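Report on the following structure.
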Amino acid sequence: MLIKIYDKLLNRFGNQNWWPTTSIQNPEFEIIVGAILTQQATWKNVEIAIKNLKEKNLIEQKLLYNLQTTKLEQLIKPSGFFKVKAKRLRSFLKFFIEKYDGNLKKMFKTPLQKLRKELLSVHGIGPETCDSILLYAGNKPVFVIDAYTIRLCKRYPVIGSEKYEEVREFFEKNLPKDVNLFKEFHALIVELGKNYCKTKPLCKKCPLKRGCKHAISVNNLSVKKNERIGR
DNA sequence: ACCCAGGTGGCCC
DNA sequence: GGGCCACATGGG
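This is the structure:
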């Protein structure tokens with residue numbers, strides 16, 4: 000059933016090729032930085048912040064950790080919540096450097112569930128950021144759940160849960176264990192959410208709406224006016 | 001002038 | 001366990 004939704008979304012929106020990176024020398028690390036910076040922010044703003052870091056060649060674990068906090072704050076300012084995010088980046092870097100010597104291969108060699116627990120215990124890394132790191136930087140078969148996915152579950156009650164862990168397990172158990180599929184599916188759900196699942200009623204072209212040419216049987220995925228998700 | 005974004009932690013009950 | 005709040009910039 001989930002794979003059917005995936006097909007509809009892929010057919011409608013096309014391949015998203017997540018995670019977007021520009022770095023050739025340290026793309027996985029850039030993904031981790033982006034995963035923290037994109038918390039409750041638009042990707043456009045995160046791109047500016049990453050560009051600022053990149054211009055100073057700071058997409059590198061130890062260089063970034065050695066940077067003064069106030070300097071870091073100024074560079075990531077466009078991504079919003081900049082003081083909080085500077086602190087969160089530094090908590091991750093402290094963990095990453097002290098525990099794994101800033102070595103990505105070493106970190107991702109850790110047994111998945113153990114690493115997941117470690118990441119979740121880092122200040123500022125919650126379930127979505129943690130799983131984004133595991134999936135997109137570490138290529139681990141972990142499905143990323145976000146506010147859009149929860150929204151989808153509310154309106155398409157195949158899962159019967161709106162709790163992060165339960166929804167994640169449902170997706171992981173009911174899809175082929177395919178990292179690239181996980182990457183694309185999550186990206187497509189975000190694309191759907193950005194286009195159709197916000198406060199406005201669903202557009203006629205929504206692939207999850209009845210009557211649409213890509214329709215599946217979903218009653219109503221629209222969000223009530225003034226409904227707030229994720230806070 | 002609102003409202004929102006690829007969340008998270010703290011505090012309260 | 002759930003409900004509310006702060007955090008902050010840039011775009012619609």
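Under numbering that gives the first Met the number 0, the first residue of the first sequence carries the number 0, and numbering increases by one thereafter.
Glycine included, each C-beta is placed from N, C-alpha and C at the ideal position.
Note that the structure is predicted; figures quoted are calculated from it, not measured.
Rounded C-alpha distance that separates G137 from E168: Within the first sequence, the letter at position 138 stands for residue 137. Within the first sequence, the letter at position 169 stands for residue 168. The straight-line gap from Cα to Cα measures roughly 18 angstroms.
Residue of D145, E183 and G192 minimising C-alpha distance to L9: In the first sequence, counting from the first residue as 1, residue 9 sits at position 10. Closest by alpha carbon: E183.
Buried or exposed, going by whether 16 or more other CB atoms sit within 10 Å of the CB of A85? Residue 85 sits at position 86 when you count from the first residue of the first sequence. Buried.
Pull up the distance between the alpha-carbon of T37 and that of V45, whole angstroms please. Here residue 37 refers to the residue found at position 38 when the first sequence is read from its first residue. Here residue 45 refers to the residue found at position 46 when the first sequence is read from its first residue. Their Cα atoms are separated by approximately 6 angstroms.
With a threshold of 7 angstroms on Cβ separation, who are the neighbours of K153 within its own chain once the five nearest residues in sequence on each side are excluded? For the purposes of this step, residue 153 is identified with residue 154 of the first sequence, where counting begins at 1. Sequence-distant Cβ neighbours of K153 in its own chain, meaning closer than 7 angstroms and more than five residues away, are E161.
Could you have a look at T69 and say whether DSSP puts it in helix, strand or coil? Working through the first sequence from its first residue, we reach residue 69 at position 70. Here T69 sits in helix by DSSP.
Which one of R89, C129, I47 and Q15 has the shortest CA to CA distance from A34? By one-based count along the first sequence, residue 34 stands at place 35. Per the Cα distances, C129.
Extent of the continuous alpha helix (DSSP H) run through L88: Within the first sequence, residue 88 is the residue found at index 89, counting from 1. Run containing L88: F81 to Y99, per the alpha helix (DSSP H) assignment.
Do A48 and D75 count as a contact pair if the criterion is CB distance below 8 angstroms? Locating residue 75 in the first sequence gives position 76, counting from the first residue. Locating residue 48 in the first sequence gives position 49, counting from the first residue. The sequence shown places Ile at residue 75, rather than the Asp named in the question. Their beta carbons are under 8 angstroms apart, which means I75 touches A48 by this criterion.
How long is the line joining the alpha carbons of P200 and E190, rounded to whole angstroms? Position 201 of the first sequence, counted from the start, is the residue given in the question as residue 200. Position 191 of the first sequence, counted from the start, is the residue given in the question as residue 190. Caution applies to P200, whose pLDDT of 40 falls short of 50 and renders its modelled position unreliable; the value that the coordinates give is listed next. When only Cα atoms are considered, P200 and E190 end up about 16 angstroms apart.
If you reduce the DSSP assignment to three classes, tell me which class E165 lands in. Along the first sequence, read from residue 1 onward, the residue named residue 165 stands at position 166. Residue state, collapsed to three classes: helix.
Taking the alpha helix (DSSP H) that Q112 belongs to, which residues open and close that run? Translated into the one-based positions of the first sequence, residue 112 becomes position 113. Taken as a continuous stretch (DSSP letters only), the alpha helix (DSSP H) holding Q112 covers L111 to L119.
In three-state DSSP terms, what is S22? Stepping through the first sequence from its first residue, residue 22 is reached at position 23. The answer is coil: DSSP assigns S22 none of H, G, I, E or B.
Measuring CB to CB, does Q60 end up less than 8 angstroms from F94? Taking the first sequence and counting its residues from 1, one reaches residue 60 at position 61. Taking the first sequence and counting its residues from 1, one reaches residue 94 at position 95. Their beta carbons are not under 8 angstroms apart, which means Q60 does not touch F94 by this criterion.
Can you name, in chain order, every residue of its own chain whose Cβ lies under 6 angstroms from the Cβ of Y163, other than the five neighbours on each side? For the purposes of this step, residue 163 is taken as the residue at position 164 of the first sequence. Once the five neighbours on either side are set aside, the close Cβ partners of Y163 are P126 and I144.
Is D6 helix, strand or coil by DSSP? By 1-based counting over the first sequence, the position of residue 6 is 7. Helix at D6.
According to DSSP, is L174 helix, strand or coil? Locating residue 174 in the first sequence gives position 175, where the first residue counts as 1. In the structure shown, the three-state DSSP call for L174 is coil.
According to the Cβ coordinates, are Y5 and L133 closer than 8 angstroms? Here residue 5 is taken as the residue at index 6 of the first sequence, counted from 1. Here residue 133 is taken as the residue at index 134 of the first sequence, counted from 1. Contact flag unset, no.
Between the CA atoms of W17 and E165 - distance to the nearest angstrom: The residue labelled residue 165 in the question sits at position 166 within the first sequence. The residue labelled residue 17 in the question sits at position 18 within the first sequence. Rounded to the nearest angstrom, the two C-alpha atoms are 24 angstroms apart.
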